[in-house]
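One structure is given here, and the rest of the page talks about it.
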Amino acid sequence: MMQVTQESRENWLVVTVRGRVDSVTADELEDKLRGAVEQDDKVALDLHAVDYVSSAGLRAVLQAARAAEAKSRQFVVCALSAPVKKVFDMSGMHHILKIQGELPC
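Take a look at the structure:
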């Protein structure tokens, strides 16, 4: 199960995800992130409350980052939980995405 919320904070649209991002929820996450990128020039993805991310989840985040780049918008991944950080590090996502330890806003 996954829960996604959005809130504006100091010129950023913060998308907070809770739960599992897997093959069942990845498409929903990608849709919500693409919508956020359409809506705002600065999007921060907060993953502090995600306890599992699969390759499908990584793909959803990557696709959203590419959509942001295509529109010349900022997209930052923030506050990775320990299990998510491990997956991001093992997959090399930290070389592709802008990742910060804390929210930028």
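All the letters of the sequence shown, read from the start, carry residue numbers 30 to 134 under our numbering.
All C-beta atoms in this analysis are idealised placements derived from N, C-alpha and C, irrespective of residue type, glycine included.
Only a predicted model underlies this, so the values are computations on that prediction, with no experimental measurement involved.
Cβ pair residue i, residue j closer than 9 Å
i           : j          : result
residue 91  : residue 44 : no
residue 65  : residue 35 : yes
residue 58  : residue 89 : yes
residue 28  : residue 79 : For the chain, the structure presents residues 30 to 134; residue 28 sits outside this window and is missing.
residue 113 : residue 76 : yes
Nearest-angstrom Cα separation, counted from residue j out to residue i
i           : j           : result
residue 117 : residue 123 : 6 Å
residue 127 : residue 115 : 16 Å
residue 72  : residue 42  : 5 Å
residue 119 : residue 81  : 14 Å
residue 138 : residue 121 : Look at the range of the chain in this structure, 30 to 134, and you will see that residue 138 is not part of it.
residue 130 : residue 101 : 23 Å
residue 67  : residue 40  : 15 Å
Counted within 10 angstroms of its Cβ, other Cβ atoms place residue i as buried (16 or more) or exposed
i          : result
residue 60 : exposed
residue 86 : buried
residue 69 : buried
residue 99 : exposed
9 Å Cβ cutoff, residue i in contact with chain B
i          : result
residue 58 : The chain labelled as chain B is not found in the depicted structure, where only one protein chain is given.
Query - Secondary structure, alpha helix (DSSP H): runs of 4+ residues fully inside the stretch 89-118 - result: none
Query - Stretch pair the stretch 48-57 + the stretch 102-110: three plus CB contacts closer than 8 Å - result: no
Query - In chain order, each beta strand (DSSP E) run of at least 3 residues that lies wholly inside the stretch 40-94 - result: 41-50, 71-82
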